[in-house]
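Worksheet: one structure, shown below.
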Amino acid sequence: SPSDPDLVARARAAKEKLGSKVFVLGHHYQRDEVIQFADVTGDSFKLAKDAAARPEAEYIVFCGVHFMAESADILTSDDQKVVLPDLAAGCSMADMATAEQVAECWDVLADAGITDVTVPVSYMNSSADIKAFTGKHGGTICTSSNAKRALDWAFEQGEKVLFLPDQHLGRNTAVREMGMSLDDCVVYNPHKPNGGLTAEQLRGAKMILWRGHCSVHGRFSLDSVNDVRERIPGVNVLVHPECKHEVVAAADHVGSTEYIIKALEAAPAGSKWAIGTELNLVKRLADRFAPEGKEVVFLDRTVCFCSTMNRIDLPHLVWALESLAEGNLVNQIQVDRETESFAKLALERMLALP
Ligand code: 13P
Ligand code: SF4
Numbered sequence: 039s040p041s042d043p044d045l046v047a048r049a050r051a052a053k054e055k056l057g058s059k060v061f062v063l064g065h066h067y068q069r070d071e072v073i074q075f076a077d078v079t080g081d082s083f084k085l086a087k088d089a090a091a092r093p094e095a096e097y098i099v100f101c102g103v104h105f106m107a108e109s110a111d112i113l114t115s116d117d118q119k120v121v122l123p124d125l126a127a128g129c130s131m132a133d134m135a136t137a138e139q140v141a142e143c144w145d146v147l148a149d150a151g152i153t154d155v156t157v158p159v160s161y162m163n164s165s166a167d168i169k170a171f172t173g174k175h176g177g178t179i180c181t182s183s184n185a186k187r188a189l190d191w192a193f194e195q196g197e198k199v200l201f202l203p204d205q206h207l208g209r210n211t212a213v214r215e216m217g218m219s220l221d222d223c224v225v226y227n228p229h230k231p232n233g234g235l236t237a238e239q240l241r242g243a244k245m246i247l248w249r250g251h252c253s254v255h256g257r258f259s260l261d262s263v264n265d266v267r268e269r270i271p272g273v274n275v276l277v278h279p280e281c282k283h284e285v286v287a288a289a290d291h292v293g294s295t296e297y298i299i300k301a302l303e304a305a306p307a308g309s310k311w312a313i314g315t316e317l318n319l320v321k322r323l324a325d326r327f328a329p330e331g332k333e334v335v336f337l338d339r340t341v342c343f344c345s346t347m348n349r350i351d352l353p354h355l356v357w358a359l360e361s362l363a364e365g366n367l368v369n370q371i372q373v374d375r376e377t378e379s380f381a382k383l384a385l386e387r388m389l390a391l392p
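So the sequence shown is numbered by the UniProt record's numbering: it starts at 39 and just counts up by one.
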């Protein structure tokens, strides 16, 4: 997308002034106008690792959403400051599990007598509070690129997993990659008494899935897959594991944003791809691979951008960089010490996964 040349020049100047004091991270779902200023781009796993690997940067400017900036704050040292250019860049999925609701859920599991054998596994897309809960109760964080390894690890520690907050990633990983059946999974609804489950149902399940989802990926349907196959014969359907189970089951390939990019890099010229993930990334991939003769289309043309990822635009980035260059720390994301220590435990378990 065309970006205002004046703003581009200002961003460049502010970044130059800051030099190695600033490190800009950009998630793959960010706008082109923002991603051009990222020192590193990646999926949420890669960005968490990259944030931790930059001890010399005083400021980490996180072009992504709130939970990612929190994770970066947790993984960086105390004197490094993490900045989110627009504080309204949240994530509706992360908001679907609050600390209060999760504590209540744990009580329900305790009443069913299963907390001793249940290991929490929380998707990166969750608040620092949920990560702290996870760390406190012996669990780990996962991302869409290591969910299977996280579940393998969790089932070595216990008999059941409480998977937060994305039911789809939990179910897709359990069924597609771990050989479980749909009947091994139950869904805990935080808006119903006892999660809408009986103690027998809880005791009978291997995977207790939190009733959360991504509103962007949730809009892809089985019809989207069938329609694109009809429209483009021979198309490869490649979707993110935040999509519903029926979509993932009908797709040819499933993986994180980083996986999607690698798959297209490795694809032969002449191949055709329909991608089920956020639109900024798909558009960028379509432009990038067209000259190589790889056709990349959006899985469903009615699905749109992630509105909170899109909150970070060039004006906000310029404002953040110029403020930092003038010595004003703005929009710092800071997790309190106690939450941080438990959340860090859970994140470090993830980083230590084989
Ligand atoms: P990944 O970057 O880990 O694939 O996650 C996608 C996502 O929804 C981030 O919000
Ligand atoms: Fe959250 Fe979905 Fe947006 Fe990712 S794409 S930030 S999961 S709402």
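Ideal placement from N, C-alpha and C gives every residue a C-beta, glycine not left out. Owing to the predicted nature of the structure, the values given are computational and were not obtained by experimental measurement.
Proximity below 8 Å, CB of residue i to CB of residue j
i	j	result
F75	L355	yes
V275	R214	no
I350	C101	yes
L359	V140	no
D204	C252	yes
T377	D167	yes
K186	T211	yes
A170	G250	no
A324	V335	yes
V224	L240	yes
T346	G151	no
L56	V78	no
L202	S165	no
A132	L113	no
V72	L352	yes
A305	K332	yes
D254	C344	Residue identity differs from the one stated: residue 254 is Val in this sequence, not Asp. Their beta carbons are under 8 Å apart, which means V254 touches C344 by this criterion.
R322	D70	yes
S115	L385	no
Host beta strand (DSSP E) of residue i (start-end)
i	result
F100	97-101
G242	No beta strand (DSSP E) holds G242; the alpha helix (DSSP H) holding it covers 237-242.
A312	310-314
M388	Where M388 is concerned, there is no enclosing beta strand (DSSP E), although the alpha helix (DSSP H) it sits in stretches over 375-389.
T79	78-80
K119	119-121
Residue i - containing alpha helix (DSSP H), residue span
i	result
A141	137-149
T172	166-174
T178	First-last for T178: 178-180, but that is the beta strand (DSSP E), not the alpha helix (DSSP H).
E333	That residue, E333, is in no alpha helix (DSSP H); its beta strand (DSSP E) goes 333-336.
N318	317-327
H104	104-113
S160	Segment 156-161 is the beta strand (DSSP E) holding S160; no alpha helix (DSSP H) there.
F193	185-195
H206	205-210
L302	295-304
H283	283-288
With 16 other Cβ atoms within 10 Å as the buried cut-off, status of residue i
i	result
S160	buried
A95	buried
T236	exposed
H104	buried
R375	exposed
H229	exposed
D111	buried
D124	buried
G272	exposed
S281	The question names Ser, yet the displayed sequence has Cys at residue 281. Flag for C281 reads buried.
E197	exposed
N369	buried
G242	exposed
residue 8	The requested residue 8 does not occur in the structure, where the chain is confined to residues 39 to 392.
R92	buried
L383	buried
A312	buried
Close beta carbons around residue i, own chain, < 6 Å, minus the five adjacent residues each side
i	result
G234	N227
L200	T156, P158, I246
A363	A52, K55, L56
K174	F380
D338	F258, S262
P279	S182, L207, N210, V292
T172	P158, S160, A384
Residue-chain proximity (residue i, chain C), Cβ-Cβ < 8 Å
i	result
I179	The chain inventory of the structure shown lacks chain C, comprising one protein chain alone.
Same chain only: Cβ atoms within 7 Å of residue i, ignoring 5 sequence neighbours per side
i	result
E296	G80, D81, K84, S183
residue 452	There is no way to answer for residue 452, as the model of the chain reaches only from 39 to 392.
K59	A95, E96, Y97
K53	V60, F75, L359
A188	V159, T178, C180, M388, L391
Q118	A95, E96, I98
G176	V157, Q195
L319	H66, Y67, T295
L220	V213
Residues near residue i in its chain [Cβ-Cβ closer than 8 Å; skip 5 each side]
i	result
T340	R257
E330	A307
L147	T153, T156, L200, L240, I246
> Contact between the stretch 278-285 and the stretch 251-263: three or more CB pairs below 8 Å?
Replying inline: Yes, the stretch 278-285 touches the stretch 251-263.
> Would you call the stretch 43-52 and the stretch 295-313 in contact, with 3 or more CB pairs under 8 Å?
Replying inline: Flag = no, the stretch 43-52 and the stretch 295-313 do not touch.
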